[in-house]
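The next block holds one structure in the form of structure tokens; read it before the comments.
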Amino acid sequence: AGTLGAQAAASGRYFGTAVAAGKLGDSTYSTILDREFNMITPENEMKWDTIEPSRGSFNFGPADQIVNHAQAHGQRMRGHTLVWHSQLPGWVSGINDPNTLRSVMDNHITTEMTHYKGKIYAWDVVNEAFADGSTQHRSSVFQNVLGNGFIEEAFRTARTADPNAKLCYNDYNIENWTDAKTQGVYAMVKDFKARGVPIDCVGFQSHFGSGGPPASFQTTLSNFAALGVDVQLTELDIAQAPATAYSNTVKACVNISRCAGITVWGIRDSDSWRSGENPLLFDGGGNKKPAYDAVLSAL
Ligand code: XIL
């Protein structure tokens, strides 16, 4: 019983949500946020286009609002995200000199992590670097100009910037064990652990269709955890929010001791980036949906 956050905490886990700074003044929103959730991920405010819209000029205001809210309400933070091909300003995607791009990437990581040093539980250091249906990295300015080593470079830089934050690799479509993309990310994490490249966690975004997670999801979480990393469900939403699909997802995490917590990607259906699919735990009026009860009892 109780709340999502309290129920998750009873087994040493957290239950989080994505938050938009512009909604903190909405009292229906902030009431649910502060009652139910003990981990917060900024939905957009820590992305490169907001944080460093032009080279060397940093805009921390919107993310600071969220971090301040979290500190005032005893909530922890996930940092999202330092290196990603999307929501990336044109001044970065246009760089074609490797030395310049390396220094721009490292400076971005170091400056953003230093600003929030000591306030972030885990960072999504690199987001969505692998191509769908493949074991290889996707095309991006980082991949194309710096090569395969850009991910390792980002994690090493991140470890130096805030040695106490957990460093995660985060992606979608890596929930089904036999998918090539899952195998590609698994091979990377295995290689990082073997060579001492700093990585502490893998984030499974978990943007699911109405069928919910693949049958192998718990196996996937278990196999990654066996490499010596935490696993986290970082952006959970499920089309139409079927109670059983949510329940199956939560159970896959709860059955794995190294599954540290679950974050849903928004509070009310009306807050969702997939709002047409009503994929969240609260309806537009802020009322608990059947999926909410299913999650609470599965935790
Ligand atoms: C989404 C946000 O929810 C939207 O508001 C924004 O317009 C686009 O990005 N994977 C991620 C998240 O890692 O950052 C994305 O968030 C959803 C997919």
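Quick note: the sequence shown, position 154, residue 154 per mature numbering (1 follows the signal peptide of the UniProt record, and there is no 0), numbers continuous. Glycine included, C-beta positions come from ideal geometry on N, C-alpha and C.
For the 9 Å CB-CB criterion, residue 42 and residue 16 do not form a contact. For residue 98, the uninterrupted alpha helix (DSSP H) run begins and ends at 98-115, by DSSP. When DSSP reads this structure, residue 205 sits in no beta bridge, so it has no partner. Excluding its 5 nearest sequence neighbours in each direction, residue 212 has C-beta neighbours in its own chain below 8 Å: 238, 242, 244, 245, 246, 248 and 249, listed in chain order. A residue is called buried once 16 or more other Cβ atoms fall within 10 Å of its Cβ, and residue 55, having fewer, is exposed. Taken from the Cβ of residue 239, every heavy atom of the ligand XIL lies 8 Å or farther away. Rounded to whole angstroms, the separation of the alpha carbons of residue 155 and residue 295 is 33 Å. At a cut-off of 3 residues, the continuous stretches assigned as beta strand (DSSP E) that sit fully inside the stretch 147-235 are 166-171 and 201-204. Rounded to the nearest whole angstrom, the CA to CA distance from residue 283 to residue 261 is 23 Å.
Under the three-pair Cβ rule at 8 Å, the stretch 169-179 does not count as touching the stretch 98-118. The stretch 248-279 contains no complete alpha helix (DSSP H) run of 4 or more residues. Sequence-distant Cβ neighbours of residue 140 in its own chain, meaning closer than 6 Å and more than five residues away, are 85.
At a threshold of 8 Å, residue 205 counts as near the ligand XIL, since its beta carbon sits closer than that to one of the ligand's heavy atoms.
Runs of the beta strand (DSSP E) lying entirely within the stretch 53-88 and spanning at least 3 residues, in chain order: 76-83. Taking 9 Å as the cut-off, the Cβ atoms of residue 18 and residue 40 count as close.
Taking all protein chains in view, the Cβ of residue 68 is surrounded by fewer than 16 other Cβ atoms within 10 Å, so the residue is classified as exposed. If you check the CB distance, residue 124 and residue 203 come in under 9 Å. Distances taken from the Cβ of residue 43 to the heavy atoms of the ligand XIL include one shorter than 8 Å. At least one heavy atom of the ligand XIL sits closer than 8 Å to the Cβ of residue 235.
As a beta-bridge residue in DSSP terms, residue 19 pairs with 42.
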